[in-house]
Amino acid sequence: MKVFENINIDFISKRKVAYIVSGTLIILGLLSLAFRGLEFGIDFKGGTDIALKFDDAINISQIRAELEQLGLGNIEVKTFGGETGILLRTELQSVPTEIYGGVITGIQNSILRYEPNAQISISDSTDNSVTIGFADIQIANKVDSKLQNDGFQTSRLDDNNVIIRVGIADWIEGELRNKMPDNHFVVQKEDHVGPKIGSELKQDSIISVVLALLGILIYLGFRFKFIFALGAVVALFHDVLITLGVFALLHGIIPGLNLEISISVVAAFLTLVGYSINDTVVVFDRIRENIKIHKTASLLDNINNAINITMRRTIITSLTTLFVVAVLLIFGGDVLRGFAFALTFGIIVGTYSSIFVASPFIYEYVQRTKKNIQF
Amino acid sequence: MKEFRFRILLIVGVLAFSVYLLFPTFADIQNTNKIKKELSLLTEDLQKSNPTISEAELKDMLLVREDSLMITDPSIRDNREKRMKLGLDLQGGMYLVMEVNTAKLLEKLAKDTDEEFKTLLSASAAEAQVTDADVVEILAEKITTSGKRLSRYFGTIREEDADIIDKLKAQESDAVTRAIEIINNRVNQYGVSEPNIQKQGSRRIIVELPGIAKEEEAKRLLQGSALLEFKIVKDASFTFPIMKRIDEILAADFKGETDSVIVTDTTDAKDLTSEQFAKEHPFFSIAVLGNQSQSADAYVKESDKNQVIAYLRRPEVKNAIPDNAEFLFDAKSFTSQEGVEIFKLYLVNKEAELTGGVIVDANANIDPQTTEPIVNMQMNTEGGREWARITGSNIDKRCAIVLDNAVYSAPVILGKIPGGSSRITGMADMNEAKLLQIVLKAGALPAPVDIIEERTVGPSLGQDSINKGFNSTMIGFFLVAIFMILYYKKSGVISDLALFSTVIMIMGILAGFHATLTLPGIAGIILTIGMAVDANVLIFERIREELLTGKTQKAAVDSGFANSYSAILDSNITTFFTGVILYQFGSGPIQGFALTLMIGIVASLFSAFVVTRVIFDILVAKGNKINIG
């Protein structure tokens with residue numbers, strides 16, 4: 092195939108165009124970061140995520156309205172995995188005290204629905220469980236297994252007393268079952284993250300990204316010249332900033348695309364750093380070689396030649412990588428969607444930056460300092 | 167061809183080894199399907215023959231059947247141990263991070279607390295929520311700034327503040343060990359397969375329970391305080407007749423229902439007499455009494471344990487056990503001379519003589535005189551008085567130390583113990599003594615733990631993720647492979663061969679390390695498929711360039727490879743480095759991603775520099791024309 096062959100473009104002289112493009116993108120990104128901000132998942136904020144799959148089709152806005160009546164404040168409802176799946180999210184850690192009494196009444200009502208003749212009493216209640224006493228052991232047995240089938244966590248204090256855990260997730264699930272008795276659902280996924288874990292994770296993420304950048308700076312500084320390493324890291328900042336900006340700009344706008352920052356999205360950013368640096372190093376390697384061989388040629392020619400001659404490779408590798416992340420984005424399911432999106436977008440930006448940001452940075456530096464680079 | 171022989175052998179060897187490492191995983195998938203099929207057939211049968219069967223009974227029977235299937239073919243177990251494991255996100259299960267609640271622990275440890283202490287403690291607990299500092303240190307500082315010494319609340323008046331802080335911290339780390347033992351004990355009794363319980367940092371415990379997402383009761387296994395009890399073991403003269411009665415009842419039962427599914431599978435390679443014995447003595451054939459021993463402890467193989475539990479749950483067997491007694495198993499198995507894991511089964515008094523609340527302290531030590539490991543146990547005054555009475559009236563009997571219904575030790579009471587200070591000997595080694603110390607302390611000081619992170623994946627989502635991951639891998643692979651052939655023609659085929667061997671190697675290495683495959687891990691493999699061709703592309707482009715300068719075929723191939731080394735190495739080392747950082751940063755699933763990414767880099771380098779190279783060299787040697795795109 093003779094595509095992309097014998098390209099000869101003076102990329103460096105056109106670098107001003109790239110500056111304008113990159114500058115605009117970064118400013119747009121910063122603006123959306125400032126005004127729209129990022130949407131953090133519960134990995135970072137703490138809270139509870141529940142993914143449910145119903146037997147029949149559902150109406151999201153109806154579920155939203157039902158949940159609003161619970162008095163829990165804001166419960167987010169999103170689609171998850173097709174038509175019959177939803178993802179519920181609340182930042183609450185436990186059932187708020189104001190509505191706790193109502194919750195227990197709700198549980199009593201469901202017990203009476205299973206067994207209208209049951210004689211029950213509340214023998215104990217703590218902030219996350221309630222103990223219900225039954226007059227009849229047989230009925231206690233029946234209710235216990237019904238409650239468990241409905242997703243409550245129960246245990247037996249003794250033959251007559253059943254302890255029911257009142258976690259926030261159990262309760263929301265219980266309410267939904269009550270309100271939609273004809274449409275049965277199963278819990279696909281339930282995540283509960285405490286606030287402390289979230290703040291630690293934020294710290295860890297920042298540390299790991301900084302460490303990755305530092306490591307790259309040191310390695311490339313050692314293998315090339317410090318200015319090459321700096322150029323690469325500037326390009327990486329460029330990629331991460333713009334991709335973050337896209338996350339800020341688009342979250343909540345495209346249906347079915349969940350663009351919140353979760354652990355896997357942070358992993359995608361680190362991978363993007365790895366990919367983008369890979370691309371940059373290939374061009375740098377060629378610049379280094381050109382400088383070694385063509386000692387008399389100008390830096391501008393050497394850089395241009397390096398970019399042009401590696402262009403086929405750059406495009407092919409970007410394409411094959413884009414293929415697979417696009418496959419992930421389309422076929423990988425909801426769990427990996429944010430991850431795949433960050434990579435899809437990041438690979439495009441990363442490829443662009445290794446040509447239009449990293450190399451011009453070196454040229455710009457040499458122009459200004461009038462230093463000569465030699466290997 | 168001679169010059170290539172070594173490299174070809176190497177490639178074939180590496181690929182064959184990868185496939186060999188992958189074999190147990192294939193076998194396990196097939197075995198699992200087979201077992202699943204059998205069990206679902208059994209479920210149907212059972213429900214048909216007994217429509218009122220309860221969930222618990224059904225579960226018991228299925229467990230027993232699974233055990234017996236596993237025993238009949240030891241390769242099943244073998245393959246399972248050697249297979250590539252699936253992460254919780256793929257097979258469903260529960261992941262929990264728990265943290266010891268130091269504030270609650272300190273509240274328990276403090277003496278003569280006042281209102282001020284309580285305010286300081288809750289302020290410290292709140293502060294610890296947002297900072298990295300330890301509650302012990304925060305509280306110590308607050309007490310000091312309020313003008314008091316730590317010894318006001320902890321330790322003795324003579325102790326320096328620094329010493330008290332050290333001691334409290336030791337208590338804290340003790341609590342973590344205790345909590346881990348308690349959780350281990352409960353999880354083992356519950357019968358979760360392949361649980362993973364480990365300590366993280368100084369105060370955290372990570373618990374991974376695969377495959378029990380639906381049985382949400384698992385969570386309550388992990389919370390609530392542990393119950394330590396002292397129970398007197400029944401005499402042999404009492405126990406033996408009961409066991410005999412159980413044996414007779416079961417034998418009679420099976421005679422009546424010969425085609426019952428509960429009959430153990432004893433089909434292969436057992437001689438008639440032992441088969442006959444098993445039929446006549448269903449209980450004694452799997453709960454074996456020691457020949458010489460005075461006691462009536464029954465020895466049960468690990469693989470028979472579920473069967474014995476199922477027997478003991480039968481209503482007619484329950485009736486044969488007196489109301490004041492119960493059967494309990496050892497918490498930990500011991501290895502017999504034949505290398506089989508054995509649990510002892512005890513008949514003990516149902517009513518506990520004492521509960522662990524009376525224990526003040528326990529310490530494992532070496533007896534200076536006999537150099538044997540011993541455990542010293544100290545009770546409070548009230549408990550000590552009771553203990554003296556109990557030991558006095560049960561001399562020469564054994565007293566089982568029971569934590570959450572599992573027996574940790576059953577020492578013989580040698581004489582009346584006044585004063586509440588006892589000494590337990592007879593442990594095999596110091597580890598056993600340490601374990602007993604932990605268990606005894608669990609009675610004295612509960613280990614309050616909070617669940618701070620909890621992730622549950624249902625089995626349906628897990629299966630869905632497996633399917634999606636598998637499909638994406640196939641689609642991704644073929645897209646890339648077809649693209650390479652379209653672009654590079656013949657050379658594209660070579661790079662596809664290299665890509666294929668890369669994927670085989672990644673899987674082989676993952677299986678070889680018994681690594682856990684997670685959904686992000688699959689994503690890592692897919693991403694590697696896209697990125698792995700890069701090394702080949704770099705080499706191809708370079709060879710093409712060299713050919714354009716008019717070099718001979720051989721020279722072009724040689725310098726093509728030589729000149730692309732540095733670019734390939736430099737770019738892959740930096741990517742590998744980000745993989746290392748990812749591995750450090752992430753937990754379970756993300757680590758799986760980082761791992762596949764790193765393995766993928768190594769495998770793709772091997773493919774590019776060895777597989778692709780040798781194919782090119784052979785083509786050149788045979789005089790074929792190299793054609794890049």
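In the order they appear, the protein sequences are chains S and D. 92 is the number of the first residue of the first sequence in this note's numbering; add one for each residue after it. 167 is the number of the first residue of the second sequence in this note's numbering; add one for each residue after it. Where a beta carbon is used, it is the ideal one built from N, C-alpha and C, also for glycine.
{"Query": "D/Asp211 burial status per 10 Å Cβ neighbour count (16 or more: buried)", "Result": "exposed"}
{"Query": "Cut-off 7 Å between Cβ atoms - residues of its own chain near D/Leu785, not counting five sequence neighbours on either side", "Result": "Ile792"}
{"Query": "Cβ distance (whole Å) where D/Met545 is taken to contact D/Ile525 below 8 Å", "Result": "6 Å"}
{"Query": "Any chain S beta carbon closer than 8 Å to D/Leu704", "Result": "yes"}
{"Query": "Own chain residues within Cβ distance below 6 Å of D/Asn490, not counting five before or after", "Result": "Lys516"}
{"Query": "D/Gly550 versus D/Lys607: straight-line alpha-carbon distance, rounded", "Result": "16 Å"}
{"Query": "N- and C-terminal bounds of the alpha helix (DSSP H) containing D/Arg171", "Result": "Lys168 to Ser215"}
{"Query": "9 Å Cβ cut-off: residues of chain D touching S/Glu174", "Result": "Those within 9 Å of S/Glu174 in chain D number zero; the least Cβ separation is about 14 Å."}
{"Query": "Three-pair Cβ contact test at 8 Å for the segment 684 to 701 of chain D versus the segment 250 to 257 of chain D", "Result": "yes"}
{"Query": "The segment 280 to 288 of chain D / the segment 636 to 655 of chain D touching (three or more Cβ pairs under 8 Å)", "Result": "no"}
{"Query": "For S/His54, three-class secondary structure by DSSP", "Result": "Here chain S has residues from 92 to 466 only, and residue 54 of chain S is not among them."}
{"Query": "Cross-chain neighbours of D/Pro376 in chain S, by beta carbon under 7 Å", "Result": "Correct list: empty, because the minimum Cβ distance to chain S is about 15 Å."}
{"Query": "Sequence-distant residues of the same chain with beta carbon closer than 7 Å to S/Arg428, five excluded per side", "Result": "Leu348, Asn349 and Leu420"}
{"Query": "The segment 279 to 287 of chain S contacting the segment 127 to 140 of chain S, beta-carbon criterion three pairs below 8 Å", "Result": "yes"}
{"Query": "Same chain, Cβ closer than 7 Å to D/Ala435, neighbours up to 5 away in sequence not counted", "Result": "Residue placement at D/Ala435 is poorly supported in this model, since its pLDDT is 43, which falls under 50; the coordinates are not used for a value here."}
{"Query": "Buried versus exposed call for S/Asn395 [16 or more other C-beta atoms within 10 Å across all chains shown]", "Result": "buried"}
{"Query": "Alpha-carbon to alpha-carbon, D/Val578 and D/Ala379", "Result": "Its pLDDT being 46, under 50, D/Ala379 is placed unreliably in this model, and the coordinates cannot settle the point."}
{"Query": "D/Ser426 versus S/Leu163 - alpha carbon distance", "Result": "Any reading at D/Ser426 must be qualified, since the residue scores a pLDDT of 44, below 50, and its modelled position is unreliable; no value is offered."}
{"Query": "Helix, strand or coil at D/Tyr512 [DSSP, three-state]", "Result": "strand"}
{"Query": "Beta-carbon neighbours of S/Gln279, restricted to chain D and to distances below 7 Å", "Result": "Gly624, Ser626 and Leu627"}
{"Query": "Against chain D: residues of the segment 419 to 445 of chain S by CB proximity under 8 Å", "Result": "Leu419, Phe422, Gly423, Gly424, Val426, Leu427, Phe430, Ala431 and Leu434"}
{"Query": "Buried or exposed (CB count within 10 angstroms, at least 16 for buried), D/Thr424", "Result": "Because the pLDDT of D/Thr424 is 49, which lies under 50, any placement of that residue in the model is unreliable, and the number read from its coordinates should be weighed accordingly. Flag for D/Thr424 reads exposed."}
{"Query": "Residue span of the beta strand (DSSP E) that contains D/Arg621, given as start and end", "Result": "Val615 to Val623"}
{"Query": "Residue environment, D/Glu326, which counts as buried when at least 16 other CB atoms sit within 10 Å", "Result": "exposed"}
{"Query": "Contacts of S/Val364 in chain D (Cβ-Cβ under 8 Å)", "Result": "Thr744"}
{"Query": "D/Arg621: contacting residues in chain S (beta-carbon distance under 7 Å)", "Result": "Asp282"}
{"Query": "Nearest candidate by alpha-carbon position, reference D/Leu176, set D/Met593, D/Ala733, D/Met671 and D/Arg479", "Result": "D/Met671"}
{"Query": "Nearest neighbour of D/Ala476, chosen from D/Gly456, D/Pro448 and D/Phe500 [CA to CA]", "Result": "D/Pro448"}
{"Query": "Nearest residue (CA-CA) to S/Lys144, options S/Phe313, S/Ile117, S/Ser409 and S/Glu174", "Result": "S/Glu174"}
{"Query": "Within 8 Å, strictly: CB atoms of S/Phe102 and S/Ile398", "Result": "yes"}
{"Query": "Cβ-based burial, D/Arg324 [other Cβ within 10 Å; buried from 16]", "Result": "exposed"}
{"Query": "Unbroken beta strand (DSSP E) run spanning D/Gly253, endpoints", "Result": "First-last for D/Gly253: undefined, no H or E at that position."}
{"Query": "Per-residue contacts from S/Asn369 into chain D (C-beta, under 8 Å)", "Result": "Met697, Asp700, Ser737, Asn738, Thr740 and Thr741"}
{"Query": "Rounded distance between the beta-carbons of S/Phe313 and S/Val331, thought under 8 Å", "Result": "Their Cβ separation, rounded to whole angstroms, is 23 Å, which puts S/Val331 and S/Phe313 out of contact at 8 Å."}
{"Query": "Alpha carbon of D/Asn267 to alpha carbon of S/Ile288, nearest angstrom", "Result": "15 Å"}
{"Query": "CB contact below 8 Å: D/Asp783 versus chain S", "Result": "no"}
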